[in-house]
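Residue numbering for the sequence shown follows this note's numbering, beginning at 1 and increasing consecutively. In this text, a Cβ means the ideal position worked out from N, Cα and C, and glycines have one as well. Since the model is a prediction, treat every value here as computed from it, not as a measurement. Read through the structure below, which is laid out as structure tokens, and then see the notes.
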Amino acid sequence: MILNYIANYIIQNNAINQDFFSKHVNLRKGATDIGYGLRPTHPLEKAAKNPGF
1 MILNYIANYI IQNNAINQDF FSKHVNLRKG ATDIGYGLRP THPLEKAAKN
51 PGF
């Protein structure tokens, strides 16, 4: 939880080393609404758009 706060603070205050970030970080969008890791027959898992990830 504390690391999440620190990361959020760094991003919000633009305290990022842009050179390091551009060389070493690769951001990608992944699948969303991947379910809850439940059995395939569970209603919440059936309702997910991309279950099974």
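- Contact between the segment 24-34 and the segment 45-52 is present: 3 or more CB-CB pairs across the two stretches fall below 8 Å.
- Taking I16 as the centre and dropping the five residues before and after it, the same chain places the C-beta of I10 closer than 8 Å to its C-beta, in chain order.
- For the pair V25 and P40, the Cα-to-Cα distance works out to about 34 Å.
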